[in-house]
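Quick notes on the structure that follows.
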Amino acid sequence: MAEDGLIIVENAHEPLVPPEVFERVQQIMTERKKLRPHAHPERYILSRIVTCQHCGIRMYGVRRTKRDKHPVFYQCNPSPGVVPYDPNCPHPAVRAERLESFVLNMIRERLLKADVEERIREAILRAKRKDATKVSREERQLADLRRKIERGTENLALADSDDFTAISKLLIRWREEEAALAERLEHRGRELEPLPEALRVIARLAEVPVNLAKADRAKLAHAIRQTVASITIGIREAKSGDICYREIHGELRFHEAFGQRPIAIPDEAIGQRRVWREIGELARQSKQSLHLADVCRLIHSPDPAHAFHHMRQAVRAGLVRKVSAKGGWVAVK
Numbered sequence: 001m002a003e004d005g006l007i008i009v010e011n012a013h014e015p016l017v018p019p020e021v022f023e024r025v026q027q028i029m030t031e032r033k034k035l036r037p038h039a040h041p042e043r044y045i046l047s048r049i050v051t052c053q054h055c056g057i058r059m060y061g062v063r064r065t066k067r068d069k070h071p072v073f074y075q076c077n078p079s080p081g082v083v084p085y086d087p088n089c090p091h092p093a094v095r096a097e098r099l100e101s102f103v104l105n106m107i108r109e110r111l112l113k114a115d116v117e118e119r120i121r122e123a124i125l126r127a128k129r130k131d132a133t134k135v136s137r138e139e140r141q142l143a144d145l146r147r148k149i150e151r152g153t154e155n156l157a158l159a160d161s162d163d164f165t166a167i168s169k170l171l172i173r174w175r176e177e178e179a180a181l182a183e184r185l186e187h188r189g190r191e192l193e194p195l196p197e198a199l200r201v202i203a204r205l206a207e208v209p210v211n212l213a214k215a216d217r218a219k220l221a222h223a224i225r226q227t228v229a230s231i232t233i234g235i236r237e238a239k240s241g242d243i244c245y246r247e248i249h250g251e252l253r254f255h256e257a258f259g260q261r262p263i264a265i266p267d268e269a270i271g272q273r274r275v276w277r278e279i280g281e282l283a284r285q286s287k288q289s290l291h292l293a294d295v296c297r298l299i300h301s302p303d304p305a306h307a308f309h310h311m312r313q314a315v316r317a318g319l320v321r322k323v324s325a326k327g328g329w330v331a332v333k
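Have a look at this one:
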C-alpha cells in the first residue's frame, strides 16, 4: 500500500508475540488505567503540608482496603518502585481523622481566641513593615547593580582586547547577582500575599463542624494552608514499664504571622489506640479503685477476660497496681 510516497507492507515480519496476546495485553492496560484512582486533594486536607520527619518526603493521603477498620491514612512512601523513596526511612503512617482532628483542635485552641485577631493583625503589620524595609534596601541594591551593568556594557563596547575578557567576566557575575536579587524580591512578595487573608480564614474556621465528613473539604484545606506552615510526623522507640512499643510523634508549626510556638504532637493524639494507657489515665482520674467492670465499659465489651488482658498490660506498663484480691487496681503514683 502506498501512502505519501511510502510503500507499507503489512505483516511482513513474524511478530514477537501473537496478535491475540498483544490485543489482550492492550485491553488489560486500558482497564487498569480506567481503574487507577485519581487524586482528590479535597479528600486529604493536609496532604500538601505534612512531611516525614525522617526523610523529608511529603506524606500523601491514601485510602486502604475496605477491610481496614480505619482505611484513610497519611503515609510516607513505602514502595521502592515509586520516587522519591528512602530505604532507611521507617515510613510513618497516621490515621487521617486523628491528625486532622488534632490540627483543627489546635487551630481552635490557639488561634480562635478573643485577642488573637488583634495580635495577628499587629503581627501582619510588623511583618509588612519589616519586609518593606528589607525590600526597599534590596531594591536600591538592584538599581545600583543595574547601573553597574549598564556602564559595564558601555565600557565593554569601548574596551581593547586586553580588558575585554575581564569586563565580560565581571558583567556575567553582575547579571547572576541581578537575577538572584530579582528572584528574592519576587519570592518575598509572594510570601506575604496570604497574610492578610489569615484574619478572614480563622474567623471561618470557628464555623467548621465537629464532624469533618460534613465540612467542605476543599475550602477547609485552603483555610488550613493559610494558617499552618508545616506538619512533620515521625516514629521513635518508646518504653513504659516492661512494654516497648513504636511511638508516633510530630510537630505542628503555624505561619510566623500568628506568633505561635511549635506544638508537639503526642502519640496519644495521633498514634494507635493503647487501652493500657487509657486505663492508666482512668485510674489517675478516679477517686476509687478500678475493677474489670470499669474496663469493660471502657472497651465496650462484656467479656471480663478481654478486660483483664488490658488491665494486665496496664500493670506491665507500670501505670496501675493491684490493691488486693477484691480491692481492684489503683494508679501508680
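Note that the sequence shown covers residues 1 to 333 in my numbering.
Quick reminder that beta carbons are idealized off the backbone N, C-alpha and C, glycines included.
In the DSSP assignment, find the unbroken beta strand (DSSP E) run with residue i in it and report its ends.
i, result
"K333", "Run containing K333: none; DSSP gives neither H nor E here."
"H300", "It is not in any beta strand (DSSP E) - H300 carries neither H nor E in the DSSP assignment."
"A264", "263–265"
"G318", "From DSSP, G318 is part of no beta strand (DSSP E); its letter is neither H nor E."
"G280", "Per DSSP, G280 belongs to no beta strand (DSSP E); it is in the alpha helix (DSSP H), 275–285."
"Y334", "With the chain covering only 1 through 333, there is no way to say anything about residue 334."
"C52", "50–52"
Beta-carbon separation of residue i and residue j under 8 Å?
i, j, result
"V275", "I299", "yes"
"P92", "I233", "yes"
"I45", "E10", "no"
"R98", "I270", "yes"
"Q285", "R110", "no"
"L181", "L171", "no"
"T51", "R43", "no"
"H54", "P90", "yes"
Where does the unbroken alpha helix (DSSP H) through residue i begin, and where does it stop?
i, result
"H222", "217–227"
"R246", "Per DSSP, R246 belongs to no alpha helix (DSSP H); it is in the beta strand (DSSP E), 243–254."
"I73", "One detail in the question is off: residue 73 reads as Phe in this sequence, not Ile. Per DSSP, F73 belongs to no alpha helix (DSSP H); it is in the beta strand (DSSP E), 72–75."
"R110", "96–111"
Measure the C-alpha to C-alpha separation of residue i and residue j and round it to an integer number of angstroms.
i, j, result
"Y60", "T153", "50 Å"
"R346", "I49", "In this structure the chain extends from 1 to 333, so residue 346 is not present and cannot be described."
"F73", "E177", "44 Å"
"E138", "A96", "43 Å"
"T65", "F22", "31 Å"
"P209", "V323", "In this predicted model, P209 has a pLDDT of only 48, less than 50, meaning its place in the structure is not dependable; the value taken from the coordinates is given anyway. If you take the alpha carbons of P209 and V323, they lie about 44 Å apart."
"D267", "Q26", "47 Å"
"R63", "E14", "45 Å"
"D303", "C296", "7 Å"
"I235", "E20", "50 Å"
"A264", "H310", "28 Å"
"R217", "S168", "55 Å"
"P78", "P18", "37 Å"
"Q272", "G250", "14 Å"
"A307", "A325", "16 Å"
"R277", "Q226", "35 Å"
"F164", "S136", "34 Å"
"C76", "S47", "11 Å"
"K239", "V320", "15 Å"
"P37", "W329", "No answer about P37 holds up, because its pLDDT of 42 lies below 50 and its placement is not dependable."
"S301", "K287", "23 Å"
"P194", "K219", "Reliability fails at P194, whose pLDDT of 46 lies under 50, so the model's placement of it is uncertain and no value is given."
"A305", "I231", "40 Å"
"E237", "P262", "22 Å"
"A179", "A166", "20 Å"
"I28", "P71", "27 Å"
"R184", "R108", "34 Å"
"L158", "R151", "11 Å"
"S161", "G56", "51 Å"
If residue i and residue j are in contact, beta carbons under 8 Å, what's the gap, nearest whole angstrom?
i, j, result
"A331", "G280", "7 Å"
"M106", "L282", "The Cβ separation is near 25 Å, so there is no contact."
"V103", "V228", "7 Å"
"I149", "R173", "That pair is no contact at about 10 Å."
Check the Cβ-Cβ distances between residue i and every residue of chain C, and say whether any is below 8 Å.
i, result
"R316", "Among the chains in the structure shown there is no chain C, since it carries only a single protein chain."
_Cβ contact (3+ pairs, closer than 8 Å) linking the segment 289–299 and the segment 139–158_ = With the cut-off at 8 Å, the segment 289–299 and the segment 139–158 do not touch.
*Quick check: the segment 316–330 against the segment 229–243, are there 3 or more CB pairs under 8 Å?*
A contact exists between the segment 316–330 and the segment 229–243.
*Is there contact between the segment 72–90 and the segment 253–265, where contact requires at least three CB pairs shorter than 8 Å?*
No, the segment 72–90 does not touch the segment 253–265.
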